[in-house]
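>
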Amino acid sequence: MDAAQLSVLCLIGGIGFIILIFLWNAIKVVPEYQRLVVFRLGRCIGDRGPGLVVLIPTIDRAVRVDLREQVSEIPQQTAITKDNAPISIDFLWYYKVLSPTDSVLQVGNFEVAAQGMATTTLRSVIGGILLDDVLSERETINNILRTRLDEVTGRWGVKVTNVEIREIIPPREVQEAMNRQMSAERIRRAVVTESTGTREAAINVADGERQSAILRAEGEKQSAILRAEGEKQAQLLRAEGYAAALERIFSVAQTIDQKTLTLQYFETLKSMAQSPSTKYIFPMEFTSLLSSFVSGQEKKD
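Residues in the sequence shown are numbered consecutively from 639, following my numbering.
#1: In this structure, how does DSSP classify L679 when only helix, strand and coil are distinguished?
#2: Indicate whether W731 and A756 have their beta-carbon atoms separated by less than 7 angstroms.
#3: For T799, which residues in the same chain have their Cβ closer than 7 angstroms to its Cβ, ignoring the five residues on either side in sequence?
#4: Can A723 and R761 be called in contact, C-beta distance under 7 angstroms?
#5: So, under 8 angstroms CB-CB, R699 and F677 are touching, yes? Tell me the CB distance rounded to an integer number of Å.
#6: Which runs of the alpha helix (DSSP H) at least 4 residues long sit entirely within the stretch 759-821? Give them in chain order.
#7: Can you give the Cα-Cα distance for L874 and A851, rounded to whole angstroms?
#8: What did DSSP end up calling F724 once you bin it into helix, strand or coil?
#9: What does the alpha-carbon distance come out to for the pair Q813 and R824?
#10: Give me, in chain order, the residues of the same chain whose beta-carbon lies closer than 6 angstroms to that of A751; leave out the 5 immediate sequence neighbours on both sides.
#11: Per the DSSP calculation, I665 is bridged to which residue(s)?
#12: Do you know how far the Cα of A642 is from the Cα of C648?
#13: Cα separation between E847 and T836?
#14: Can T719 and L787 be called in contact, C-beta distance under 7 angstroms?
#15: So S710 is in the alpha helix (DSSP H); what residue range does that whole segment cover?
#16: What residue does the alpha helix (DSSP H) around V745 start on, and which one ends it?
#17: Out of L661, S645, L690, which one is the CA nearest neighbour of G668?
#18: Tell me the rounded alpha-carbon separation between G868 and K859.
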């Protein structure tokens, strides 16, 4: 291989290398979540992508912009509340680029600018709120911070989607007062719970005694009714027995003749005579009984 052929090969290799460099700088593959903001000779011609984007080397310059939602941490900041209490706060804020061109053209360094804006906005918001409200109304503060930041970043083509306060550290004396307050609140709740339990127990006992008294009274009532019913049935049975006995006596008495009745009177008088008493009582029917008895004896004779 002579020198001429070697020169031709070197030239072809150089041209090929230049073409490769040209293609490397001219062809860009842009993912779905990114855009290229293209500047041609210093003038912005808009954003390109996703997919395959062809640029003119040395003439076009591209700036990649991520369209995914991002999170940024604001480190602990000391802020003064409305009642002059210093507190330390740190929070996270979430944002998303809506306009890639504005995010490049409207602000030099979005991250630094947004962090500074978040810090000043935080101090401004906390300065208008009392300490107790800062500790108890985190959600309200989150919404206020998100609204304020979104108003500023909106002109940069960025949307603030959420703000979350992570930690609020009040002064030591405030923490001690809060601990004492929590202890007092726990004691109060315990006392209230105990008194409520005692009251409910007393109510339950009283209700149980009332129910027991009602049941006892009901039982006594039923017992008295049953006793009365039993006494009634017993009296009815005794009356029926007496009636039956009288009917029996009456029926038997109908079969007794006059002589038998007279002899029964004599037996009665005999038993009366055996008494130590000096008085004798003769029934009015005695004379008639004797006459009938005597007449009966005469008839026999």
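Positions of the beta carbon are idealized from the N, C-alpha and C atoms, including for glycine. These figures come from a predicted structure and were not determined experimentally.
According to the data block:
#1: The residue you call residue 679 lines up with position 41 of the sequence shown. Coil.
#2: On the sequence shown, position 93 is the one that residue 731 refers to. On the sequence shown, position 118 is the one that residue 756 refers to. Yes; because the gap between Cβ atoms is below 7 angstroms, this pair is in contact.
#3: Taking the first residue of the sequence shown as position 1, residue 799 is located at position 161. The residues are E707, Y732, Y733, K734.
#4: Here the question's residue 723 lines up with position 85 in the sequence shown. Here the question's residue 761 lines up with position 123 in the sequence shown. The answer is no: Cβ separation not under 7 angstroms.
#5: Residue mapping note: residue 699 aligns to position 61 of the sequence shown, counting from 1. Residue mapping note: residue 677 aligns to position 39 of the sequence shown, counting from 1. So it is a contact: roughly 5 angstroms between Cβ atoms.
#6: 769-774, 776-791
#7: Indexing the sequence shown from 1 puts residue 874 at position 236. Indexing the sequence shown from 1 puts residue 851 at position 213. Going from the Cα of L874 to the Cα of A851 covers about 34 angstroms.
#8: As a first step, residue 724 is located in the sequence shown; it is residue number 86 there, counting from the start. Per the sequence shown, residue 724 should be read as Pro rather than Phe. P724: strand per DSSP, three-state reduction.
#9: As a working note, residue 813 is residue 175 in the sequence shown. As a working note, residue 824 is residue 186 in the sequence shown. About 16 angstroms.
#10: Taking the sequence shown and counting its residues from 1, the one referred to as residue 751 is at position 113. Correct list, in chain order: V745.
#11: As a working note, residue 665 is residue 27 in the sequence shown. Here I665 is bridged, per DSSP, to V692.
#12: Position 10 of the sequence shown holds residue 648. Position 4 of the sequence shown holds residue 642. Distance between the alpha carbons of C648 and A642: 10 angstroms.
#13: For the purposes of this step, residue 847 is taken as residue 209 along the sequence shown, with counting starting at 1. For the purposes of this step, residue 836 is taken as residue 198 along the sequence shown, with counting starting at 1. One C-alpha to the other measures close to 16 angstroms.
#14: For the purposes of this step, residue 719 is taken as residue 81 along the sequence shown, with counting starting at 1. For the purposes of this step, residue 787 is taken as residue 149 along the sequence shown, with counting starting at 1. If you check the CB distance, T719 and L787 do not come in under 7 angstroms.
#15: In the sequence shown, counting from the first residue as 1, residue 710 sits at position 72. Where S710 is concerned, there is no enclosing alpha helix (DSSP H), although the beta strand (DSSP E) it sits in stretches over 708-718.
#16: Sequence index remark: in the sequence shown, residue 745 carries index 107 (1-based). For V745, no alpha helix (DSSP H) encloses it, and the DSSP letter there is neither H nor E.
#17: Against the sequence shown, residue 668 aligns to sequence position 30. The question names Gly, but residue 668 is Val in the sequence shown. Selected option, being the one with the closest Cα: L690.
#18: What you label residue 868 is simply residue 230 of the sequence shown in a count that begins at 1. What you label residue 859 is simply residue 221 of the sequence shown in a count that begins at 1. Cα to Cα, the separation comes out at about 14 angstroms.
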